[in-house]
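Notes follow the structure.
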Amino acid sequence: MRPSKQCLRSDQGAESSFLFWFEVFLFLAGLRKGIAGNFNEVNLLKCLWLEQERWSARITSLMKRRLLSLSLPIILLGGISLFGEEKAGVSEEKSVKPGINENFLDPKLKVDDWLKRFEVESREVFHEKEKVLEACGIKKGMVVADIGAGTGLYSRLFAEAVGPEGWVAAVDISAPFLKHVVARAEQEGQKNITAILSPENSVSLPPNSVDVAFICDTYHHFEFPRGTMKSLIRSLKRGGTVVVIDFERIEGVTRDWLFGHVRAGKQVFRKEIEDAGLTFVEELKIDGFKENYFLRFRKD
Ligand SMILES: C[S@@+](CC[C@H](N)C(=O)[O-])C[C@H]1O[C@@H](n2cnc3c(N)ncnc32)[C@H](O)[C@@H]1O
22 MRPSKQCLRS DQGAESSFLF WFEVFLFLAG LRKGIAGNFN EVNLLKCLWL
72 EQERWSARIT SLMKRRLLSL SLPIILLGGI SLFGEEKAGV SEEKSVKPGI
122 NENFLDPKLK VDDWLKRFEV ESREVFHEKE KVLEACGIKK GMVVADIGAG
172 TGLYSRLFAE AVGPEGWVAA VDISAPFLKH VVARAEQEGQ KNITAILSPE
222 NSVSLPPNSV DVAFICDTYH HFEFPRGTMK SLIRSLKRGG TVVVIDFERI
272 EGVTRDWLFG HVRAGKQVFR KEIEDAGLTF VEELKIDGFK ENYFLRFRKD
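All residue numbers for the sequence shown refer to our numbering, where the first residue is 22 and numbers rise by one.
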C-alpha cells in the first residue's frame with residue numbers, strides 16, 4: 022500500500038510519498054462521493070473549498086522551497102464520507118452516548134483548559150506515557166494512527182518513535198484540538214504528523230495503511246463504535262495492531278463521576294471490539310495504572 026518514495030521525493034529529499042498518495046486518495050474519494058451525489062451541497066462545497074485551501078497551501082510551501090510537511094496540513098474532511106456506508110451508518114447506528122462529545126465539538130473549545138486536564142502528572146496516561154509508548158511496540162518507519170488524539174500528547178511521542186521515515190495520523194473530531202496539534206508540531210519541527218478531522222463514525226484513513234492504531238481514553242467517547250471500528254479495521258494493515266486504553270468501570274470501586282461517564286466496562290468494550298472483527302491479543306499491566314487498563318488487538 023505504501024508507494025515507493027523515490028517517485029515523489031522533493032529536491033530536499035524528505036517529503037513523504039505516503040502523505041502525497043494519502044492526499045490524492047482523500048481528494049479522489051471526496052470527488053467520487055461528490056459525483057455520486059452522496060453528500061449534500063454544503064458538504065460538497067466545504068470539501069472542495071478545503072481541498073483547494075489545502076492544495077494552495079501545499080503549492081505555496083513548495084514555492085517557498087520548504088517541505089510540504091512543514092505546513093502540516095489539517096485534512097478537514099468535514100462530513101465527507103469516503104465510503105458510502107459511513108454516511109448511511111450515522112443514521113442507522115444510534116449514538117450509544119448522546120452528548121458525550123459536546124465539549125470537544127464546540128468550535129470555541131479552549132485548548133489551554135484541556136491541556137491542564139490532559140497533560141498533567143496526576144493523569145495516569147500522562148504520568149506513565151513512556152511505559153505506554155514502550156508497550157505499544159512502535160518501530161521506526163511505522164504508520165501510527167492516534168485515534169482521538171486530543172491535545173496530541175501521544176501523537177508527538179509516536180512521531181519521535183517512528184522517525185522521519187514513519188508517519189503519524191492524529192485523528193480527532195475536534196478542530197480546535199487539531200489546530201493545536203499542528204501548531205505544536207510545527208513549533209517542535211515534527212514534520213511527520215498529519216492532523217485529520219474525522220466525522221464521528223469514521224477514522225477517515227486509507228485502507229491497509231496503518232501499522233498501529235492507538236485509542237487512549239477515547240473508545241468510551243465513540244458515539245458510533247460500530248461505524249468507527251469498521252472504518253478503523255479497514256484502515257489497518259493485515260497484522261496491524263490496535264491498543265485500547267480506557268477506564269476500569271467497577272461498581273463500588275470506580276469513582277462516581279467516572280462510573281457515569283464511561284458507558285461500559287472492559288469486558289463489554291473487549292467484546293464489542295472482537296465482534297467488530299479484531300482478535301484479542303493480550304491485556305498488559307502497566308506499572309502505575311490503577312484506573313486504566315491496556316488491551317491489545319490484532320487484525321488477522
Ligand atoms: C478524553 S479525550 C482523550 C485525548 C487523548 N487520547 C489523550 O488521552 O490525551 C477524547 C478525545 O476523543 C475525541 N473523539 C471523540 N469521539 C471521537 C471519534 N469518533 N473519532 C475520533 N476522535 C474522537 C475527542 O474529541 C477527544 O479529543
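Think of the CB as a built atom: it goes at the ideal place given N, C-alpha and C, for glycine as much as any other residue.
Between which two residues does the alpha helix (DSSP H) containing residue i stretch?
{"i": "residue 238", "result": "Residue 238 -> no alpha helix (DSSP H), and no H or E assigned at all."}
{"i": "residue 179", "result": "174 to 183"}
{"i": "residue 199", "result": "196 to 208"}
{"i": "residue 154", "result": "150 to 157"}
If you compare alpha carbons, which of the options is closest to residue i?
{"i": "residue 320", "options": "240, 256, 208 and 215", "result": "256"}
{"i": "residue 228", "options": "236, 258 and 114", "result": "258"}
{"i": "residue 130", "options": "196, 260, 176 and 281", "result": "196"}
{"i": "residue 117", "options": "309, 289, 311 and 193", "result": "289"}
{"i": "residue 270", "options": "307, 312, 119 and 246", "result": "312"}
{"i": "residue 140", "options": "177, 166 and 114", "result": "177"}
{"i": "residue 265", "options": "248, 166, 142 and 114", "result": "166"}
{"i": "residue 317", "options": "128, 213, 156 and 120", "result": "156"}
{"i": "residue 194", "options": "216, 183, 175 and 211", "result": "216"}
{"i": "residue 226", "options": "181, 206, 211 and 249", "result": "249"}
{"i": "residue 213", "options": "251, 154 and 161", "result": "161"}
{"i": "residue 211", "options": "180, 220, 199 and 293", "result": "180"}
At what residues does the beta strand (DSSP E) containing residue i begin and finish?
{"i": "residue 284", "result": "Counting along the chain, residue 284 falls outside any beta strand (DSSP E), and DSSP gives it neither H nor E."}
{"i": "residue 304", "result": "300 to 305"}
{"i": "residue 167", "result": "164 to 168"}
{"i": "residue 260", "result": "257 to 268"}
{"i": "residue 245", "result": "Counting along the chain, residue 245 falls outside any beta strand (DSSP E), and DSSP gives it neither H nor E."}
{"i": "residue 141", "result": "Element bounds for residue 141: n/a, residue is neither H nor E."}
{"i": "residue 313", "result": "313 to 319"}
{"i": "residue 126", "result": "Unbroken run through residue 126 is the alpha helix (DSSP H), 123 to 126; no beta strand (DSSP E)."}
{"i": "residue 189", "result": "188 to 193"}
{"i": "residue 217", "result": "214 to 218"}
Using 8 angstroms for Cβ pairs, my map puts residue i next to residue j. What's the rounded Cβ distance?
{"i": "residue 279", "j": "residue 268", "result": "6 angstroms"}
{"i": "residue 202", "j": "residue 187", "result": "About 17 angstroms; that fails the 8 angstroms criterion."}
{"i": "residue 236", "j": "residue 298", "result": "Between residue 298 and residue 236 the Cβ distance is about 15 angstroms, and since that is not below 8 angstroms, they are no contact."}
{"i": "residue 124", "j": "residue 244", "result": "13 angstroms between Cβ atoms; not a contact."}
{"i": "residue 233", "j": "residue 275", "result": "Their Cβ separation, rounded to whole angstroms, is 28 angstroms, which puts residue 233 and residue 275 out of contact at 8 angstroms."}
Under 6 angstroms Cβ to Cβ from residue i, same chain only, skipping five residues before and after it: list those, please.
{"i": "residue 136", "result": "172"}
{"i": "residue 287", "result": "314"}
{"i": "residue 247", "result": "114"}
Who are the Cβ neighbours of residue i in its own chain at under 7 angstroms, not counting the five residues just before and after it?
{"i": "residue 284", "result": "117, 118 and 241"}
{"i": "residue 307", "result": "149, 152, 153, 156 and 315"}
Going by beta carbon distance, what residues of the same chain come within less than 8 angstroms of residue i, once the five residues before and after it are set aside?
{"i": "residue 273", "result": "none"}
Any Cβ of chain D within less than 8 angstroms of the Cβ of residue i?
{"i": "residue 267", "result": "Among the chains of the structure shown, chain D does not appear; only one protein chain is present."}
task: Quick one: residues with CB closer than 7 angstroms to any heavy atom of ligand 1, in chain order, please.
output: 122, 125, 139, 146, 167, 168, 169, 170, 171, 172, 174, 175, 192, 193, 194, 195, 198, 219, 221, 222, 224, 237, 238, 239, 242, 243, 244, 245 and 249
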